[in-house]
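The next block holds one structure in the form of structure tokens; read it before the comments.
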Amino acid sequence: MAGTWVFVEQRDGNIRKVTFEMLSEAKKFGDEVSAVVFGKNVKGLAPEFAKFGAEKVYAVEGDVFAEYNTGAYVAQMVAMINEFKPNAVLFAHSFNGRDFGSRLAQKLEAGLATDAIGAEISAGKGVFTRAIYAGKALAKVEVTTSPILATIRPGVFEVVEGAAAGAVVEPAVAATAADVYQTVKEFKPTVSARPELNEAAVVVSGGRGCKGPDGIKLVEELADLLGGAVGGSRASIDSGWLGHELQVGQTGKVVNPNLYIAAGISGAIQHLAGMSSSKFIASINTDTEAPIFNISDFGVVGDLFKVIPLLVAELKK
Amino acid sequence: MKVLVCVKQTFDTEAKIELKDGKIADAGINLIINPYDEVAVEGAIQLKEKGVAKEIVVLSAGSDKAMDAIRTALAMGADRGVLVTQDAGADEYARAVALAAAIKDENPDLVLAGHVAADDGSSQVPTRVAEILGLPHINVITSLDIAGGKAVASSEADGGTQVTEVSIPAVVSSQVSWNEPRYPSMKGIMQAKKKPVATVAAAAADNKVTILEYALPAAKAAGIKIEEDPDVAAVKLGDWMKNTVKVEVK
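Keeping their order, the protein sequence lines are chains B and G.
So the first sequence is numbered by my numbering: it starts at 250 and just counts up by one.
So the second sequence is numbered by my numbering: it starts at 3 and just counts up by one.
As structure tokens, this is what we get:
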């Protein structure tokens with residue numbers, strides 16, 4: 250049992266940043282770090298992982314891996330785990346990563362720490378910090394089965410460059426078309442020039458105080474000026490001003506950007522759960538008693554309809 | 003078609019979390035049906051209203067308190083319930099083993115559940131149940147069509163919407179935006195009291211994950227708060243963003 254594997258999160262060769270975050274963090278465990286990538290044409294990606302510390306790159310190519318599908322990916326990973334016996338395998342806590350991790354863990358009758366925001370792996374022991382109740386509490390958990398399996402929350406670990414060999418290993422293909430039990434009929438990418446909520450360095454969110462699409466427009470304008478993502482509290486999602494995929498909070502997304510700007514959001518507990526781990530928090534609210542001010546680094550008591558346009562003008566100077 | 007819905011009882015999402023003797027304190031906390039599971043129940047009821055589903059069985063694993071979650075689902079419109087009594091300390095593996103054993107006995111055509119629970123946020127159990135039962139699964143769905151022995155669902159994936167097809171029986175887990183769950187009617191609540199709920203013991207399974215300790219996140223302290231004319235406030239906020247946060251302006 251040796252080595253930490255990082256499963257690469259990619260679509261059509263576009264590698265998601267969380268992959269580099271996991272590679273960077275895995276180096277701290279002192280064990281050999283490898284990237285594991287499945288796809289149709291992925292060998293050429295190896296130098297990308299080497300840059301962030303992957304000593305080895307396990308590249309598995311084939312039509313059956315062209316896009317993520319649980320059955321073939323799990324069959325392949327099980328065969329590789331049996332052959333190479335890694336100490337730990339990390340996945341992104343994403344739509345595909347948690348699906349993969351959960352089904353793999355059950356197949357191996359193993360434990361899995363999902364949505365980890367802290368990881369310590371040493372001497373065959375895997376301890377992870379998980380945010381529970383959407384971040385209102387933290388649990389430290391130990392995965393007591395082997396290999397140690399976890400999914401890692403995107404945007405938590407820092408990306409640190411550190412060149413390594415990145416030697417390509419091509420394991421035998423163990424999965425066949427017979428392992429596939431889901432047919433992806435269509436993937437419609439979100440048409441947005443904005444970054445994804447859980448990857449953005451800046452998130453500007455609008456709440457009830459936006460009063461409607463006009464207020465949301467101001468939020469969007471500020472987000473675009475900062476190259477940020479747009480989010481919303483439950484009030485603006487329930488009102489139909491923004492789609493649910495943009496909800497920040499306990500039944501939406503948990504974000505941790507460098508800067509979170511809450512516009513017209515009072516700060517209900519379920520919203521705070523989704524954003525209070527942001528590095529800097531600014532808020533604009535007419536209610537001086539709004540709970541959001543209790544966790545804001547910079548609070549402006551004022552009307553967002555007046556403050557945001559003036560702020561945009563100020564930032565453009 | 004028989005639909006089985008897995009529900010979990012969780013803390014109200016507005017609940018403030020505190021620790022007592024190193025554990026999550028549950029005294030005085032309002033308990034609700036996990037919002038993601040509530041959506042799954044509603045989805046099942048809509049399938050019945052469309053004539054696709056004939057019977058809806060609601061299943062929960064947990065303490066006696068989980069009976070409330072089952073009764074809520076029955077009041078919404080599910081037909082009968084099964085409570086698997088299991089220790090609250092069961093991990094995702096043990097929970098999935100217990101649920102899968104009970105599902106096997108029911109032999110449904112479709113298993114619905116929320117894709118994640120609002121308390122532990124693990125997002126594992128429906129997929130694990132599917133693996134144990136050897137069934138295909140689709141997660142985080144926002145729409146579902148059942149026809150010709152197939153389930154076709156849209157899912158909220160990273161960076162887009164994915165449409166996936168699987169054969170049924172299958173396990174399908176819901177996103178909260180799939181539908182708007184109904185409130186149980188007075189009549190529904192009265193009827194729910196008479197609907198049958200079977201109680202069975204959980205299949206034995208050992209945990210694979212051990213919880214070592216709980217903690218509360220460090221409270222973030224309030225910083226600057228200003229109440230000035232909008233033009234002055236905007237300049238001060240802009241300065242802070244440029245000089246302290248060091249934002250890049252496009």
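Virtual Cβ for every residue (Gly too), placed ideally from N, Cα, C.
Given the structure is predicted, the values throughout are model-derived calculations rather than measurements.
Q: Determine, using beta carbons only, whether G:R130 comes closer than 8 Å to chain B.
A: yes
Q. Which chain G residues sit within Cβ distance under 9 Å of B:H493?
A. T144, E158, Q177, V178 and S179
Q.
Strictly under 8 Å for the Cβ-Cβ distance: is B:D312 near chain G by that measure?
A. no
(Q) Cutting at 8 Å between CB atoms, please list the residues of its own chain near B:D546, excluding the five before and the five after it. (A) F529, I530 and A531
Q) In chain B, what lies closer than 8 Å to G:E16 by C-beta? A) A517, I518 and Q519
**Q.** Three-state secondary structure assigned by DSSP to B:P296
**A.** helix
Q. With which residues is B:K460 paired in a DSSP beta bridge?
A. According to DSSP, B:K460 bridges with nothing at all.
**Q.** Cβ-Cβ distance between B:V567 and B:L339 below 8 Å
**A.** Within the shown structure, residues of chain B are numbered from 250 to 566, placing residue 567 of chain B beyond reach of any answer.
Q | Proximal chain B residues relative to G:D121, where beta-carbon distance stays under 7 Å | A | I381 and Y382
Q.
So, with DSSP's three-state summary, where would you put B:A283?
A. According to the sequence as given, residue 283 of chain B is Ser; it is not Ala. B:S283: strand per DSSP, three-state reduction.
Q) Does the beta-carbon of G:N245 have 16 or more other beta-carbons within 10 angstroms, so that it is buried, or is it exposed? A) exposed
Q | Residue span of the beta strand (DSSP E) that contains B:L387, given as start and end | A | A386 to V392
Q. How is G:H139 classed by DSSP in three states: helix, strand or coil?
A. strand
Q) Whose Cβ in chain G lies nearer than 8 Å to the Cβ of B:T432? A) T166, E167 and V168
**Q.** Contact residues within the segment 415 to 440 of chain B, judged by C-beta distance below 7 Å to chain G
**A.** Y430, Q431, T432, V433, K434, E435, F436, K437, P438 and T439
Q) Is it right to say B:Y307 is buried, meaning 16 or more other beta carbons lie within 10 angstroms of its own, or is it exposed? A) buried
Q: Taking the CB atoms as reference points, tell me whether B:K434 and G:E158 lie closer together than 8 Å.
A: no
Q) Should B:S525 be flagged as near chain G, meaning a C-beta pair shorter than 8 Å? A) yes
**Q.** Alpha-carbon spacing of B:S283 relative to B:A303, whole angstroms
**A.** 5 Å
Q) Unbroken beta strand (DSSP E) runs of length 3 or more, entirely within the segment 168 to 195 of chain G: which are they? A) 172 to 176
Q: Determine the direct distance from the alpha carbon of B:V503 to that of B:F436, and round the result to whole angstroms.
A: 24 Å
Q: Quick one: grab the DSSP three-state call for G:T246.
A: helix
Q) Where do the ends of the beta strand (DSSP E) carrying B:L557 lie? A) Per the sequence shown, the amino acid found at residue 557 of chain B is Ile instead of Leu. Premise fails: B:I557 lies in the alpha helix (DSSP H), L553 to K565, not in any beta strand (DSSP E).
Q. Is the beta carbon of G:V86 less than 8 Å from the beta carbon of G:A204?
A. yes
Q. Which of helix, strand or coil does DSSP assign to B:F349?
A. helix
Q) Is G:A75 helix, strand or coil when you go by DSSP? A) helix
**Q.** Cβ neighbour criterion (16 or more within 10 Å) applied to G:N141
**A.** buried
Q | Test: G:L214 CB closer than 8 Å to a CB of chain B | A | yes
**Q.** Contact the segment 513 to 520 of chain B vs the segment 537 to 552 of chain B: 3+ CB pairs below 8 Å
**A.** yes
Q: Following the continuous alpha helix (DSSP H) through B:D364, name the residue where it begins and the one where it ends.
A: Here B:D364 belongs to no alpha helix (DSSP H); instead the beta strand (DSSP E) covers A362 to S371.
(Q) Can you look up G:Q48 in the DSSP assignment and give me helix, strand or coil? (A) helix
Q: Measure from the alpha carbon of G:A17 to the alpha carbon of each residue in B:A386, B:L475 and B:S454, then state which is nearest.
A: B:A386
Q) Who are the near neighbours of B:S527 in its chain, counting only those whose CB is closer than 6 Å to its CB and skipping five residues on each side? A) N505, P506 and Y509
Q. Is B:L446 close to chain G, meaning its C-beta is less than 8 Å from at least one C-beta of that chain?
A. no
Q: May I ask you to verify whether the segment 194 to 211 of chain G touches the segment 165 to 183 of chain G, counting CB pairs closer than 8 Å and requiring at least 3?
A: no
Q.
Less than 7 Å between C-beta atoms, sequence neighbours within five positions excluded: which residues of the same chain meet that for B:S273?
A. F301, G302, F406, E407, V408 and V409
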